[in-house]
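2 protein chains.
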Amino acid sequence: MVEHEDRLSRVFSALADPTRRDMVARLAAGDATVSELAAPYDVSLQAVSKHIQVLQDAGLVHRSKDAQRRPVHLDAEVFDLMTKWIERYRAQAEARYQRLDALLDRLQGKTTEDEQEQTKGAAG
Amino acid sequence: MVEHEDRLSRVFSALADPTRRDMVARLAAGDATVSELAAPYDVSLQAVSKHIQVLQDAGLVHRSKDAQRRPVHLDAEVFDLMTKWIERYRAQAEARYQRLDALLDRLQGKTTEDEQEQTKGAAG
DNA sequence: CTCGTGTTCAACCATGCGGTTGAGTACAGC
DNA sequence: GCTGTACTCAACCGCATGGTTGAACACGAG
Chain A
1 MVEHEDRLSR VFSALADPTR RDMVARLAAG DATVSELAAP YDVSLQAVSK
51 HIQVLQDAGL VHRSKDAQRR PVHLDAEVFD LMTKWIERYR AQAEARYQRL
101 DALLDRLQGK TTEDEQEQTK GAAG
Chain B
1 MVEHEDRLSR VFSALADPTR RDMVARLAAG DATVSELAAP YDVSLQAVSK
51 HIQVLQDAGL VHRSKDAQRR PVHLDAEVFD LMTKWIERYR AQAEARYQRL
101 DALLDRLQGK TTEDEQEQTK GAAG
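As you go down the protein sequences, you meet chains A and B in turn.
Position 64 (the first sequence) corresponds to 64 in full-length UniProt numbering; numbering is contiguous.
Position 103 (the second sequence) corresponds to 103 in full-length UniProt numbering; numbering is contiguous.
This is the structure we're talking about:
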């Protein structure tokens, strides 16, 4: 029913498979046909074809036509989607961590009111 | 029992679920207990508990103890793992794309026997 | 000790996914 | 027009996963 998984989910999901990640890694070095991609793995061509379909559905690659061959090309722009998501929350988490760090610093001084004078907010 | 999936696979896999991504997003704003995390979703507490387990197995979070509560804390360092992987291949792909671009510049005027339609919108 | 709260464990079910094999499609070469 | 090559489609299988419910565990408060 819920076939309409959002893009990010499809991208992460596609990259969750080691074989598919390896394919992407190799495609980063240049386009490759299905059989070329399949060569290193001990699986059927059909399985590889399916993997490519998954990558394509995630928008990570697209296939063109060259006679019987179907050269696969990496579309690296989708990476931005992930990177943005990751960076957003990492930054948030890190900022929070630093605030907490500073807060702990301040609380440390607050136990003895005298030490409040120590301005250690610049630390870090 | 191939439970020994590599780290990267577990991270990508964990983040492939929208609910789990949302949890991570909320955890970036600060720690939360299981019930707090579960509140917005229309699923059982047990389901949420399982999600947290998945995130934990991926090294994205860890749980501490506070009486009966199990505050969940985001471990954002794992993001680096992904970012590094992504950046590595994106850079490679982009470099290649630029080389190809330069090559095409040089070959300009020389048409091959098989004209390919460039449906690309070029660089964003 | 008992009770309530917060969470996990266990069993179960439906769906999805990675793999297979077998058949079908598309194209180049003889 | 056959034959071989490159690939996809379709059906099937086993297992992992996300969900459920019900029981169990851990702990603080009476």
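Cβ atoms here follow ideal geometry from the backbone N, Cα and C, with glycine treated the same way.
Every value quoted in this text rests on a predicted model; they were computed, and no experiment measured them.
> Span of the alpha helix (DSSP H) holding Arg20 (chain B)?
Replying inline: Position 20 of the second sequence, counted from the start, is the residue given in the question as residue 20 (chain B). Where Arg20 (chain B) is concerned, the enclosing alpha helix (DSSP H) stretches over Pro18 to Leu27.
>> Once DSSP output is grouped into helix, strand and coil, what is the label at Val11 (chain B)?
In response: The residue labelled residue 11 (chain B) in the question sits at position 11 within the second sequence. In this structure, Val11 (chain B) counts as helix in the three-state DSSP scheme.
> Going by other Cβ atoms of all chains shown within 10 Å of its Cβ, with 16 needed for buried, is Leu15 (chain A) buried or exposed?
Replying inline: The count along the first sequence starts at 1 and reaches residue 15 (chain A) at position 15. Buried, because 16 or more other Cβ atoms sit within 10 Å of the Cβ of Leu15 (chain A).
> Of all the residues that make up the stretch 7-31 of chain B, which are near chain A by a beta-carbon distance shorter than 9 Å?
Replying inline: Leu8, Ser9, Arg10, Val11, Phe12, Ser13, Ala14, Leu15, Ala16, Asp17, Pro18, Arg21, Val24, Ala25, Leu27, Ala28, Ala29 and Gly30
> Are the beta-carbon atoms belonging to Asp62 (chain A) and His73 (chain A) less than 8 Å from one another?
Replying inline: Counted from its first residue, the first sequence places residue 62 (chain A) at position 62. Counted from its first residue, the first sequence places residue 73 (chain A) at position 73. For the sequence presented, residue 62 (chain A) should be read as His rather than Asp. Result yes, Cβ atoms of His62 (chain A) and His73 (chain A) sit closer than 8 Å.
> In whole angstroms, what is the alpha-carbon distance linking Phe79 (chain A) and Thr33 (chain B)?
Replying inline: On the first sequence, position 79 is the one that residue 79 (chain A) refers to. On the second sequence, position 33 is the one that residue 33 (chain B) refers to. The straight-line gap from Cα to Cα measures roughly 32 Å.
> Helix or strand or just coil, what does DSSP make of Leu55 (chain A)?
Replying inline: Locating residue 55 (chain A) in the first sequence gives position 55, where the first residue counts as 1. Residue state, collapsed to three classes: helix.
>> Quick check: is the beta carbon of Arg106 (chain A) nearer than 8 Å to any beta carbon in chain B?
In response: Translated into positions along the first sequence, residue 106 (chain A) becomes position 106. No, Arg106 (chain A) lies away from the interface with chain B (no Cβ there is under 8 Å from its Cβ).
> By the 10 Å Cβ neighbour count, where 16 or more other Cβ atoms means buried, how is Ala39 (chain A) classified, buried or exposed?
Replying inline: On the first sequence, residue 39 (chain A) is found 39 positions in, with the first residue counted as 1. Classification for Ala39 (chain A): exposed.
> To the nearest angstrom, how far is it from the Cα of Asp101 (chain A) to the Cα of Glu77 (chain B)?
Replying inline: The sequence position of residue 101 (chain A) within the first sequence is 101, counting from 1. The sequence position of residue 77 (chain B) within the second sequence is 77, counting from 1. Answer to the nearest angstrom: the Cα atoms are 16 Å apart.
> Can you give the Cα-Cα distance for Asp17 (chain A) and Arg10 (chain A), rounded to whole angstroms?
Replying inline: If you number the first sequence from 1, residue 17 (chain A) lands on position 17. If you number the first sequence from 1, residue 10 (chain A) lands on position 10. Between Asp17 (chain A) and Arg10 (chain A), the C-alpha separation is close to 12 Å.
>> So the candidates are B:Arg88, B:Ala29, B:Thr83 and B:Ala91; which of them puts its Cα closest to the Cα of Phe12 (chain B)?
In response: As a position in the second sequence, residue 12 (chain B) is number 12, starting the count at 1. Nearest of B:Arg88, B:Ala29, B:Thr83 and B:Ala91 to Phe12 (chain B), Cα basis: B:Thr83.
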